[in-house]
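All remarks here apply to the structure that follows.
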Amino acid sequence: MAFLLVSAYLLLTHAQGAPAENGALLETLKSQVGLFSNKSEHYSAQVRPPGTSRRIPQTIIIGVRKGGTRALLEMLDIHPNIVVAATEVHFFDWDENYVKGIDWYRSLMPFSYGNQITIEKTPGYFTSPQAPERIHDMNTSHPPDPVHAPESLSSSAQAPRSKRFSRGICSSM
1 MAFLLVSAYL
11 LLTHAQGAPA
21 ENGALLETLK
31 SQVGLFSNKS
41 EHYSAQVRPP
51 GTSRRIPQTI
61 IIGVRKGGTR
71 ALLEMLDIHP
81 NIVVAATEVH
91 FFDWDENYVK
101 GIDWYRSLMP
111 FSYGNQITIE
121 KTPGYFTSPQ
131 APERIHDMNT
141 SHPPDPVHAP
151 ESLSSSAQAP
161 RSKRFSRGIC
171 SSM
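So for the sequence shown, full-length UniProt numbering puts the first residue at 1; every next one is plus one.
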(Lines of atoms letter the chains of each structure in order from A and count residues from 1; the text may use other names and numbers.)
(Lines give C-alpha, C1' and ligand atoms only; values in the text may rest on other atoms or scores of the structure.)
Protein backbone atom coordinates (compact mmCIF):
# COMPACT_ATOMS: atom_id res chain seq x y z
CA MET A 1 0.00 0.00 0.00
CA ALA A 2 2.82 2.38 0.88
CA PHE A 3 4.47 1.60 -2.44
CA LEU A 4 1.25 2.49 -4.25
CA LEU A 5 0.93 5.80 -2.41
CA VAL A 6 4.57 6.73 -3.00
CA SER A 7 4.21 5.84 -6.68
CA ALA A 8 1.09 7.99 -6.98
CA TYR A 9 2.85 10.88 -5.23
CA LEU A 10 5.85 10.67 -7.55
CA LEU A 11 3.59 10.42 -10.57
CA LEU A 12 1.65 13.50 -9.53
CA THR A 13 4.69 15.60 -8.68
CA HIS A 14 6.48 14.73 -11.91
CA ALA A 15 3.36 14.97 -14.06
CA GLN A 16 3.13 18.72 -13.58
CA GLY A 17 5.83 19.16 -16.19
CA ALA A 18 4.26 16.56 -18.51
CA PRO A 19 2.67 17.49 -21.83
CA ALA A 20 -1.06 18.23 -21.89
CA GLU A 21 -1.94 14.97 -23.69
CA ASN A 22 -1.06 13.08 -20.51
CA GLY A 23 -3.78 14.94 -18.60
CA ALA A 24 -6.43 12.29 -19.24
CA LEU A 25 -4.03 9.56 -18.13
CA LEU A 26 -3.24 11.51 -14.97
CA GLU A 27 -6.94 11.93 -14.13
CA THR A 28 -7.51 8.20 -14.66
CA LEU A 29 -4.63 7.32 -12.38
CA LYS A 30 -5.80 9.75 -9.69
CA SER A 31 -9.23 8.17 -9.59
CA GLN A 32 -7.85 4.62 -9.61
CA VAL A 33 -5.46 5.35 -6.75
CA GLY A 34 -8.32 6.85 -4.76
CA LEU A 35 -7.19 10.44 -4.56
CA PHE A 36 -10.75 11.49 -5.34
CA SER A 37 -13.28 10.36 -2.79
CA ASN A 38 -16.82 10.97 -1.63
CA LYS A 39 -15.51 13.93 0.37
CA SER A 40 -15.77 16.56 -2.35
CA GLU A 41 -16.60 20.10 -1.35
CA HIS A 42 -18.93 20.26 -4.34
CA TYR A 43 -21.44 17.53 -3.62
CA SER A 44 -24.09 19.26 -5.72
CA ALA A 45 -21.86 18.87 -8.80
CA GLN A 46 -21.36 15.15 -8.22
CA VAL A 47 -23.15 12.54 -10.26
CA ARG A 48 -25.37 10.42 -8.05
CA PRO A 49 -24.18 6.80 -7.98
CA PRO A 50 -27.04 4.34 -8.55
CA GLY A 51 -28.74 3.24 -5.34
CA THR A 52 -27.48 6.15 -3.26
CA SER A 53 -29.05 9.24 -1.75
CA ARG A 54 -28.09 12.17 0.40
CA ARG A 55 -29.36 11.51 3.88
CA ILE A 56 -29.51 13.45 7.09
CA PRO A 57 -26.61 12.23 9.23
CA GLN A 58 -27.34 9.36 11.57
CA THR A 59 -24.41 10.52 13.69
CA ILE A 60 -23.23 14.00 14.63
CA ILE A 61 -19.86 14.39 16.31
CA ILE A 62 -19.93 17.22 18.83
CA GLY A 63 -16.78 18.12 20.70
CA VAL A 64 -14.59 20.98 21.74
CA ARG A 65 -12.29 22.69 19.29
CA LYS A 66 -8.84 21.09 19.14
CA GLY A 67 -10.27 18.08 20.99
CA GLY A 68 -9.46 15.50 18.32
CA THR A 69 -12.80 15.48 16.51
CA ARG A 70 -11.12 15.72 13.08
CA ALA A 71 -8.82 12.80 13.92
CA LEU A 72 -11.83 10.77 15.10
CA LEU A 73 -13.70 11.56 11.89
CA GLU A 74 -10.72 10.61 9.72
CA MET A 75 -10.34 7.28 11.51
CA LEU A 76 -14.07 6.51 11.19
CA ASP A 77 -13.95 7.45 7.51
CA ILE A 78 -11.58 4.56 6.84
CA HIS A 79 -14.47 2.14 7.37
CA PRO A 80 -16.27 1.40 4.08
CA ASN A 81 -19.72 1.62 5.69
CA ILE A 82 -19.17 5.17 6.91
CA VAL A 83 -19.34 8.34 4.82
CA VAL A 84 -18.55 11.77 6.20
CA ALA A 85 -19.47 15.33 5.33
CA ALA A 86 -16.52 17.13 3.76
CA THR A 87 -16.68 20.25 5.91
CA GLU A 88 -18.03 21.53 9.19
CA VAL A 89 -21.57 22.44 8.21
CA HIS A 90 -22.49 24.76 11.14
CA PHE A 91 -26.17 24.10 10.48
CA PHE A 92 -27.40 23.94 14.05
CA ASP A 93 -25.25 26.72 15.51
CA TRP A 94 -25.33 29.43 12.81
CA ASP A 95 -28.71 31.10 12.32
CA GLU A 96 -27.89 32.06 8.72
CA ASN A 97 -27.49 28.37 7.86
CA TYR A 98 -30.35 27.08 10.02
CA VAL A 99 -32.93 29.27 8.26
CA LYS A 100 -31.99 27.60 4.95
CA GLY A 101 -33.81 24.49 6.16
CA ILE A 102 -33.30 20.78 6.44
CA ASP A 103 -33.24 20.23 2.67
CA TRP A 104 -30.25 22.58 2.39
CA TYR A 105 -28.55 20.66 5.20
CA ARG A 106 -29.22 17.34 3.48
CA SER A 107 -27.83 18.71 0.19
CA LEU A 108 -24.43 19.16 1.88
CA MET A 109 -24.20 15.50 2.82
CA PRO A 110 -22.36 12.94 0.69
CA PHE A 111 -24.17 10.30 -1.32
CA SER A 112 -24.49 7.09 0.66
CA TYR A 113 -25.93 3.62 0.29
CA GLY A 114 -28.62 2.33 2.66
CA ASN A 115 -26.11 0.30 4.66
CA GLN A 116 -23.76 3.24 5.20
CA ILE A 117 -23.75 5.60 8.16
CA THR A 118 -23.52 9.31 7.35
CA ILE A 119 -21.56 11.37 9.88
CA GLU A 120 -21.27 15.14 10.29
CA LYS A 121 -18.85 16.88 12.63
CA THR A 122 -19.02 20.46 13.86
CA PRO A 123 -17.29 21.24 17.17
CA GLY A 124 -19.12 24.58 17.30
CA TYR A 125 -22.28 22.74 18.35
CA PHE A 126 -20.66 22.19 21.75
CA THR A 127 -20.67 25.89 22.64
CA SER A 128 -23.91 26.85 20.93
CA PRO A 129 -26.92 27.39 23.21
CA GLN A 130 -29.34 26.65 20.31
CA ALA A 131 -27.68 23.51 18.92
CA PRO A 132 -28.97 20.88 21.42
CA GLU A 133 -32.61 21.86 20.97
CA ARG A 134 -32.28 22.16 17.19
CA ILE A 135 -30.60 18.76 16.91
CA HIS A 136 -33.31 17.24 19.11
CA ASP A 137 -36.05 18.82 16.99
CA MET A 138 -34.45 17.49 13.80
CA ASN A 139 -34.03 14.06 15.33
CA THR A 140 -37.66 13.75 16.42
CA SER A 141 -39.16 15.23 13.25
CA HIS A 142 -37.06 13.07 10.88
CA PRO A 143 -36.93 9.49 12.12
CA PRO A 144 -33.87 7.60 10.95
CA ASP A 145 -33.97 5.53 7.80
CA PRO A 146 -34.43 1.82 8.51
CA VAL A 147 -30.75 1.02 8.22
CA HIS A 148 -29.34 -2.23 9.50
CA ALA A 149 -25.91 -1.83 11.03
CA PRO A 150 -23.19 -3.67 9.18
CA GLU A 151 -21.87 -6.79 10.92
CA SER A 152 -18.64 -5.03 11.86
CA LEU A 153 -20.62 -2.26 13.56
CA SER A 154 -23.21 -4.51 15.16
CA SER A 155 -24.21 -4.56 18.81
CA SER A 156 -21.75 -7.38 19.49
CA ALA A 157 -18.96 -4.81 19.21
CA GLN A 158 -20.67 -2.45 21.66
CA ALA A 159 -20.61 -2.51 25.44
CA PRO A 160 -23.55 -4.27 27.09
CA ARG A 161 -26.42 -1.92 27.87
CA SER A 162 -26.71 -2.99 31.48
CA LYS A 163 -23.21 -1.89 32.46
CA ARG A 164 -21.72 1.52 31.79
CA PHE A 165 -18.34 1.25 33.46
CA SER A 166 -15.88 -1.49 34.31
CA ARG A 167 -13.75 -2.12 37.41
CA GLY A 168 -16.69 -2.63 39.71
CA ILE A 169 -18.27 0.78 39.15
CA CYS A 170 -21.52 0.15 37.32
CA SER A 171 -24.69 1.99 36.62
CA SER A 172 -27.81 0.75 34.88
CA MET A 173 -29.09 2.48 31.83
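Here a beta-carbon is modelled for each residue, glycine too, at the ideal position from N, C-alpha and C.
As the structure is a prediction and not an experimental result, all values here were calculated from the model.
Annotation: the continuous beta strand (DSSP E) that includes Thr59 extends over Thr59 to Ile61. Considering only Thr118, Ser112, Arg55 and Pro123, the residue with the shortest C-alpha distance to Glu88 is Pro123. Judged by beta-carbon spacing, Tyr105 lies beyond the 7 Å limit of Phe126, meaning their Cβ atoms are not closer than that value.
Put simply, the segment 99-113 does not touch the segment 69-77. Fewer than three CB pairs are less than 8 Å apart.
Taking every protein chain shown into account, the CB of Gln116 has 16 or more other CB atoms within 10 angstroms, so this residue is buried. Contact annotation: Tyr113 and Gly51 have beta-carbon atoms nearer than 7 Å. Annotation: Arg134 to Ser128 spans about 10 Å, alpha carbon to alpha carbon.
Taking the Cα of Ile82 as reference, the smallest distance to any Cα among Pro132, Met138, Thr118 and Thr59 is reached at Thr118. As DSSP reads the structure, Ser112 sits in a beta bridge with Ser53. Counting along the chain, Glu88 sits inside no alpha helix (DSSP H), nor does DSSP assign it H or E at all. Distances from the alpha-carbon of Lys121 to those of Ser141, Pro80, Pro57 and Glu96 put Pro57 closest.
Under the three-state reduction of DSSP, Thr118 is assigned to strand. In the three-state reduction of the DSSP assignment, Ile82 falls in the strand class, which pools E and B. In this structure, Asp77 sits near Val84, with a CB-CB distance shorter than 7 Å. For the pair Glu96 and Met75, the Cα-to-Cα distance works out to about 30 Å. Across the structure, Gly63 and Ala131 are spaced so that their CA atoms are roughly 12 Å apart.
For Arg70, the three-state secondary structure derived from DSSP is helix.
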